[in-house]
Amino acid sequence: MADENNPNGKNGNKVGVLEKVAAGVKDDIQALKTDIPAKAKEQIEGLKDPTKTQVYTSIFRHKHDDTPRNRALGVLSNVFLHLHPAKINRDAVRYSYTWGMGGITFYLFIILTYTGVLLMFYYHPSKVQAFRDVLYLEHDVPFGKILRNMHRWAAHLMVIGVWLHMFRVFLTGSYKKPREFNWNIGVLLLVFTLLLSFTGYLLPDDQLGFWAVTVGTNMARATPLLGHEGPFGSMLGMTPYNDVRFGLLGGSIVDANALLRSYIWHCIGIPIVASVLMIVHFWRVRKDGGISGPAQVMLSAEADKPRRGPKAAGE
Amino acid sequence: MDWRQLWEICSAPDNVPIVGLIPLLAFYIYLAVKQARANDQLIEQLEADPALAKTHHRKTWPFKPGWQKEVHVWPFLLRIEFLAAIIVTIILMVWSITLNAPLEEPANPNLTMNPAKAPWYFLGLQEMLVYFDPWIAGVVMPTMIIIGLMVIPYIDTNPLGSGYYTWKQRKFSISTFMFGFVILWVAMIIIGTFIRGPGWQWFWPGQTWDHNRLIYEVNRDLPDIFGIASNLGKGIFGAIVVGGYYLLGGGLVYSLFRRKMGKDFQRMSLLQFSIMQFLLLTMVALPLKMGLRLLWHIKYVWITPWFNV
Chain X
1 MADENNPNGK NGNKVGVLEK VAAGVKDDIQ ALKTDIPAKA KEQIEGLKDP TKTQVYTSIF
61 RHKHDDTPRN RALGVLSNVF LHLHPAKINR DAVRYSYTWG MGGITFYLFI ILTYTGVLLM
121 FYYHPSKVQA FRDVLYLEHD VPFGKILRNM HRWAAHLMVI GVWLHMFRVF LTGSYKKPRE
181 FNWNIGVLLL VFTLLLSFTG YLLPDDQLGF WAVTVGTNMA RATPLLGHEG PFGSMLGMTP
241 YNDVRFGLLG GSIVDANALL RSYIWHCIGI PIVASVLMIV HFWRVRKDGG ISGPAQVMLS
301 AEADKPRRGP KAAGE
Chain E
316 MDWRQLWEIC SAPDNVPIVG LIPLLAFYIY LAVKQARAND QLIEQLEADP ALAKTHHRKT
376 WPFKPGWQKE VHVWPFLLRI EFLAAIIVTI ILMVWSITLN APLEEPANPN LTMNPAKAPW
436 YFLGLQEMLV YFDPWIAGVV MPTMIIIGLM VIPYIDTNPL GSGYYTWKQR KFSISTFMFG
496 FVILWVAMII IGTFIRGPGW QWFWPGQTWD HNRLIYEVNR DLPDIFGIAS NLGKGIFGAI
556 VVGGYYLLGG GLVYSLFRRK MGKDFQRMSL LQFSIMQFLL LTMVALPLKM GLRLLWHIKY
616 VWITPWFNV
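Those protein sequences? They're chains X and E, same order as listed. Counting from 1, one number per residue, gives the positions in the first sequence under the numbering used here. Counting from 316, one number per residue, gives the positions in the second sequence under the numbering used here.
Dropping the structure here:
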């Protein structure tokens with residue numbers, strides 16, 4: 001068969017290998033001159049619409065022309081956005097209802113995680129190093145000062161954000177049925193936010209943090225039953241060396257162990273627990289029917305009637 | 316008027332959040348009150364006109380038939396979230412550039428800071444230390460606050476006011492929460508931050524901190540006023556006073572609640588009502604005890620060998 005198709009085949013099998021190779025190379029060069037540029041041109045033309053490339057379609061699972069379907073898919077098919085529903089109550093986007101405080105609090109938590117991780121690169125939780133590391137951050141690390149400032153102020157803002165969020169949720173009665181459980185998760189998150197801030201307070205190992213934490217943990221020795229100065233504490237054998245304060249500080253005074261414990265709670269323990277609770281919190285917001293309002297006002301005459309579906313509200 | 320002292324307190328880096336919190340809280344209370352009043356007016360209007368109540372869309376926001384009730388999250392919500400993130404970032408950046416985080420001298424157990432203050436968000440509890448022993452102010456109170464917050468949804472049986480601002484439909488719950496949050500929590504923090512100086516003494520804003528000031532204040536215990544000397548007598552007397560407070564107070568709450576808020580009372584189970592009663596009375600006990608101290612210099616009401624209240 002090869003012989004029949006061979007253009008140089010008049011001598012049958014005796015065609016020289018050299019000639020064969022030369023002809024092949026000639027052919028290749030001809031193709032390189034004509035076929036490849038044509039193919040390249042075609043492919044470059046194709047790149048002008050990157051949304052058609054395999055790389056693009058493998059990342060984005062749907063088209064993005066402005067259709068209602070694509071608007072919904074843009075939210076639903078994105079792992080970071082899919083906690084949102086595709087559509088919400090037209091009034092729920094009004095700032096005056098939610099104050100945006102829950103979202104702002106979460107955003108501040110992200111900022112704190114980000115700046116916190118960067119700070120961890122420069123910080124050793126030991127009595128010898130801790131304070132010097134903070135000085136180092138302030139004076140030598142590029143952008144170290146703004147990094148530390150941002151971490152501190154974001155922490156304060158987060159505490160304020162949690163309070164205002166809770167205040168708004170209370171004032172709009174958003175903890176009422178069916179959101180009781182999520183309110184409880186929220187209370188726990190409030191506690192963990194305060195604990196996160198409090199454990200971070202000691203870490204610079206300066207006078208401010210030391211005495212604030214001393215004042216704070218001194219209360220623990222007055223814990224009823226479990227503190228050595230608390231009611232019934234000494235009867236149960238509590239001393240400064242085995243009570244709940246000792247457990248918190250890893251010692252009877254705020255010292256190296258307290259610094260290490262603070263650090264671990266601050267950087268690992270509480271963030272993990274708080275993150276898990278946040279996941280539950282956000283999940284339950286959706287499962288409990290999404291954002292609570294602005295809902296249609298209920299009249300007192302309707303208060304004790306059986307619960308009505310959203311569509312029975314008279315519109 | 317010592318402006319310098321005032322400026323030093325207000326501009327201390329860790330006090331700035333509280334300086335910021337006051338206008339923020341005022342603004343958001345204003346925003347809530349404004350919406351609550353609008354809703355209350357609408358409710359009043361609809362209750363007076365049942366025919367309108369059947370056709371009205373029941374919100375104070377404009378709505379016309381034919382308008383879509385729902386909007387797409389993308390872009391209508393996400394653009395707001397994005398903007399909020401940018402604005403928060405800008406505020407945080409500007410704040411971080413203009414104001415440095417505090418850093419004092421290295422920790423020194425031998426050099427006590429005076430005043431030694433807890434972080435600002437715990438100053439309300441520290442302020443309570445003036446009036447209560449640490450086991451109450453530092454342990455029992457925070458625990459009660461957390462538990463109290465957690466039971467709120469289970470003892471508030473009022474189905475009205477879910478998902479919108481209102482005052483008239485939830486007078487009791489809102490005034491109770493405002494009292495707890497604004498008066499007992501935020502106001503105490505403000506006192507702890509701006510008023511308390513060296514030795515945790517009271518210095519009015521603008522008054523110079525005097526590190527040598529001593530206050531000669533003789534505090535008495537309530538049993539002493541009644542001439543009760545024996546320890547047993549003091550214990551029994553205190554138990555009667557504290558128990559009496561809860562019994563009489565409980566009776567008062569019951570009587571008022573039954574008359575003024577009959578519907579809510581009907582809806583509540585006995586367990587729900589008694590938990591509410593107990594938490595309310597405990598909360599009200601704080602300002603009462605503060606009043607006892609400030610007006611009559613009374614330190615303890617109930618003295619036992621194990622604990623004092």
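Ideal Cβ placement from N, Cα and C applies to all residues, glycine included.
Put residue i into one of helix, strand or coil per three-state DSSP.
i: Pro421/E; result: strand
i: His387/E; result: strand
i: Asp206/X; result: strand
i: Ala258/X; result: helix
i: Ile253/X; result: coil
i: Arg61/X; result: coil
i: Arg373/E; result: coil
i: Arg608/E; result: helix
i: Arg485/E; result: coil
i: Arg582/E; result: helix
i: Ile405/E; result: helix
i: Arg352/E; result: helix
i: Phe198/X; result: helix
i: Val93/X; result: coil
i: Asp3/X; result: Its pLDDT being 49, under 50, Asp3/X is placed unreliably by the model, and nothing is read from it.
i: Leu70/X; result: Leu is not the amino acid found at residue 70/X; the sequence shown has Asn there. Asn70/X: helix per DSSP, three-state reduction.
i: Leu81/X; result: coil
i: Ala313/X; result: Because the pLDDT of Ala313/X is 47, which lies under 50, any placement of that residue in the model is unreliable, and the number read from its coordinates should be weighed accordingly. Here Ala313/X sits in helix by DSSP.
Which residue marks the beginning of the alpha helix (DSSP H) containing residue i, and which one marks its end?
i: Lys369/E; result: 365-370
i: Ala222/X; result: Element bounds for Ala222/X: n/a, residue is neither H nor E.
i: Val157/X; result: Note that residue 157/X is Leu in the sequence shown, not Val. Note, Leu157/X: alpha helix (DSSP H), 144-171.
i: Cys325/E; result: 318-326
i: Asn546/E; result: 546-575
i: Ile462/E; result: 456-470
Taking residue i as part of the beta strand (DSSP E), name the residues at either end of that continuous run.
i: Gly89/X; result: Correcting the residue identity first, residue 89/X is Asn in this sequence and not Gly. Where Asn89/X is concerned, the enclosing beta strand (DSSP E) stretches over 87-89.
So which residues on chain E does residue i lean against when the C-beta distance must stay under 9 angstroms?
i: Tyr123/X; result: What Tyr123/X touches in chain E: nothing, since even the nearest Cβ is about 13 angstroms away.
i: Tyr107/X; result: Glu396, Ala399, Ala400, Val403, Thr404
i: Trp265/X; result: Ordered by position in chain E, no residue passes the 9 angstroms Cβ test against Trp265/X, which lies about 15 angstroms from the chain.
i: Asn242/X; result: Correct list: empty, because the minimum Cβ distance to chain E is about 17 angstroms.
i: Ser197/X; result: Pro434, Tyr436
Can you find a CB in chain E that lies within less than 8 angstroms of the CB of residue i?
i: Met158/X; result: no
i: Ile59/X; result: no
i: Ala312/X; result: Because Ala312/X sits at a pLDDT of 49, beneath the cut-off of 50, its placement in the model cannot be relied upon, and the point is left open.
i: Asn149/X; result: yes
i: Pro224/X; result: yes
i: Glu315/X; result: Its pLDDT being 40, under 50, Glu315/X is placed unreliably in this model, and the value from its coordinates should be taken loosely. Chain E, which has a Cβ nearer than 8 angstroms to the Cβ of Glu315/X, makes this yes.
i: Asn257/X; result: no
i: Tyr175/X; result: yes
i: Gln54/X; result: no
i: Tyr136/X; result: no
Strictly below 8 angstroms CB to CB, what residues from chain E border residue i?
i: Leu164/X; result: Leu339, Leu340, Tyr343
State the beta-bridge partners of residue i as determined by DSSP.
i: Asn527/E; result: Answer by DSSP bridge pairing: none, since Asn527/E is not bridged.
i: Arg511/E; result: Trp517/E
i: Asn182/X; result: In the DSSP output, where bridge partners are listed per residue, Asn182/X has none listed.
i: Ile618/E; result: Asn623/E
i: Ile613/E; result: Arg535/E
At least one CB of chain X closer than 8 angstroms to the CB of residue i: is that the case?
i: Asp536/E; result: no
i: Lys432/E; result: yes
i: Pro332/E; result: yes
i: Gln350/E; result: yes
i: Tyr512/E; result: Checking the sequence, you will find Gly at residue 512/E rather than Tyr. For Gly512/E, the answer is no, since every Cβ of chain X falls outside 8 angstroms of its Cβ.
i: Ser411/E; result: yes
i: Lys614/E; result: no
i: Asp547/E; result: According to the sequence shown, residue 547/E is Leu rather than Asp. By this cut-off, Leu547/E is not an interface position.
i: Ser584/E; result: no
i: Asn423/E; result: yes
i: Ala484/E; result: According to the sequence as given, residue 484/E is Gln; it is not Ala. It does; some Cβ of chain X falls within 8 angstroms.
i: Lys374/E; result: yes
i: Leu595/E; result: no
i: Ser326/E; result: no
Quick one: which chain E residues come within Cβ less than 7 angstroms of residue i?
i: Ile88/X; result: Glu385, Val386, Val388, Leu392
Below 8 angstroms on C-beta distance, what does residue i contact in chain X?
i: Asn354/E; result: Val297
i: Tyr469/E; result: Glu180
i: Phe588/E; result: Here the premise fails: no neighbours, minimum Cβ distance about 17 angstroms.
Quick one: list the residues of chain X neighbouring residue i, beta-carbon separation under 9 angstroms, in chain order.
i: Val556/E; result: Simply none; closest approach about 18 angstroms.
Are any of the Cβ atoms in chain B nearer than 8 angstroms to that of residue i?
i: Ser570/E; result: Going by chain labels, chain B is absent from the structure shown, which instead holds the protein chains X and E.
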